[in-house]
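This note's numbering applies: residue 9 is where the sequence shown begins, and numbers increase by one.
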Amino acid sequence: MARNVEIKARVEKVDLLIDKISAIADKGPIELSQDDVFFNCTEGRFKLRILSENRGELIFYRRADQRGPSESNYFISPTDSPETLYKVLSEACGCVDRVRKKRILYHVGRSRIHLDQVEKLGSFLEIETVLSEGEAAATGIREMHHLLDVLGIQAADLISGAYIDLIARSGIHDA
9 MARNVEIKAR VEKVDLLIDK ISAIADKGPI ELSQDDVFFN CTEGRFKLRI LSENRGELIF
69 YRRADQRGPS ESNYFISPTD SPETLYKVLS EACGCVDRVR KKRILYHVGR SRIHLDQVEK
129 LGSFLEIETV LSEGEAAATG IREMHHLLDV LGIQAADLIS GAYIDLIARS GIHDA
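Structure, rendered in structure tokens:
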């Protein structure tokens with residue numbers, strides 16, 4: 009199972025953050041449209057990320073819902089027929105809800121930085137620092153804190169949970 013350390017934060021001044029990220033990025037910006045459909049799952053989260061008519065990813069992950077850096081364990085399996093897979097999984101598991109977003113992706117070393125405009129929720133920053141096999145999460149957490157400092161992200165900006173949790177708490181559903 010692959011692992012990373014990640015955070016999510018609310019963002020007010022996206023343009024200022026774009027400038028800061030661009031100054032340290034090795035790669036990007038890459039613009040993506042993502043439609044994440046979440047399915048019932050007894051442990052962790054299970055979603056189908058639809059990227060286009062013939063490209064998607066089936067993703068299962070486990071992560072503690074906490075503010076601040078947390079370790080995530082995940083599997084990703086690509087698919088070239090996301091709509092068919094959506095129909096099968098909806099019937100087999102039941103669809104919980106979906107999260108639609110526009111994402112701007114940057115790479116800084118082994119970290120992926122996402123600026124997300126999430127439908128019905130607003131603007132967010134997400135950082136994922138990929139961990140090597142057997143590497144202590146503490147190493148990734150140190151790198152994460154450095155990136156947060158460089159980008160000027162405060163602890164008060166960090167949020168817990170996933171976008172799907174924010175949607176559930178807001179009462180806005182879109183399955």
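Positions of the beta carbon are idealized from the N, C-alpha and C atoms, including for glycine.
Identify the continuous alpha helix (DSSP H) that holds Pro37 and give its terminal residues.
No alpha helix (DSSP H) contains Pro37, which is instead part of the beta strand (DSSP E) from Lys35 to Phe47.
For Gln42 versus Arg53, is the C-beta spacing smaller than 8 Å?
no
Might you give, ordered along the chain, the residues of its own chain that have their beta carbon closer than 8 Å to the beta carbon of Leu93, omitting 5 neighbours on each side?
Leu56, Gly64, Leu66 and Thr87
Measuring CB to CB, does Leu123 end up less than 8 Å from Val22?
yes
If we ignore side chains and look at the alpha-carbon of each, how far apart do Cys101 and Ala31 end up?
43 Å
Three or more C-beta pairs under 8 Å: does that hold for the segment 158-169 against the segment 75-82?
yes
Under 8 Å between the Cβ atoms of Gly148 and Leu155?
no
Chain-order list of residues whose beta-carbon lies under 6 Å from that of Lys35 (same chain, five-residue window excluded)
His115
Pick helix, strand or coil for Val19, following the three-state DSSP scheme.
coil
If the criterion is Cβ atoms closer than 8 Å, does the pair Phe46 and Arg106 meet it?
yes
Alpha helix (DSSP H) segment containing Ile84, residue limits
From DSSP, Ile84 is part of no alpha helix (DSSP H) but of the beta strand (DSSP E) over Ser78 to Thr87.
Would you identify the three-state DSSP class for Ser168, choosing helix, strand or coil?
coil
For Glu39, which of Ile26, Phe83, Cys49 and Glu51 has the nearest alpha-carbon?
Ile26
Euclidean distance between Cα positions of Glu151 and Lys128:
31 Å
With distances taken between CB atoms, is the gap from Ser89 to Asn62 smaller than 8 Å?
yes
Would you mind reading off the limits of the alpha helix (DSSP H) that contains Arg150?
Ala145 to Leu159
Quick check on this structure: which residue in Glu91, Tyr171, Arg70 and Phe83 has the alpha carbon closest to the alpha carbon of Leu133?
Tyr171
Reducing DSSP to helix, strand and coil, say where Ile180 ends up.
coil
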